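This report refers to the structure that appears directly beneath it.
Residue numbers (the working numbering): 105 to 200.
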């Protein structure tokens with residue numbers, strides 16, 4: 105995949121891929137929604153981002169509760185809601 109990310113103050117087109125690995129934890133809890141109670145499933149898995157041939161390890165949290173899902177990526181204790189935010193963090197902070 106390709107994304108445009110801000111790296112060191114400049115927009116760059118970044119080619120990347122990511123792969124979700126083994127599950128670290130899985131939880132199912134019942135949550136109350138306006139339309140009733142639903143089961144919320146949260147899965148935390150190992151994550152590998154490959155950016156310009158270099159590999160970075162992190163985790164991915166996938167949450168679904170009776171409809172739309174959310175996915176966050178975590179690197180060095182920082183959480184990101186999109187691929188672009190994660191790539192910018194990695195290239196501006198981890199790679200230095």
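Backbone N, C-alpha and C fix where the C-beta goes; we use that ideal spot for every residue, glycine too.
Just so we're clear, the structure is a prediction, and the values are computed from it rather than from any experiment.
Quick check: what's the CA-CA separation for residue i versus residue j?
i	j	result
residue 111	residue 136	41 Å
residue 185	residue 164	10 Å
residue 140	residue 175	23 Å
residue 169	residue 134	9 Å
Are residue i and residue j closer than 7 Å when you measure CB to CB?
i	j	result
residue 167	residue 146	yes
residue 115	residue 192	no
residue 150	residue 181	no
residue 157	residue 179	no
With distances taken from CA atoms, which of the options is nearest residue i?
i	options	result
residue 105	155, 185 and 192	155
residue 172	127, 113, 143 and 124	143
residue 127	183, 113, 190 and 152	152
residue 159	170, 131, 123 and 174	123
residue 119	129, 113 and 107	107
residue 177	170, 188 and 169	188
residue 121	198, 190, 197 and 196	190
Using DSSP with H/G/I as helix, E/B as strand and the rest coil, what is residue i?
i	result
residue 132	strand
residue 169	strand
residue 182	strand
State yes or no: is the beta carbon of residue i nearer than 7 Å to at least one beta carbon in chain C?
i	result
residue 163	Considering every chain present, this structure includes no chain C. It has just one protein chain.
Exercise for review: Scan the stretch 131-164 and note each continuous beta strand (DSSP E) run of 3 residues or more that stays entirely inside, going in chain order.
Suggested key: 140-155
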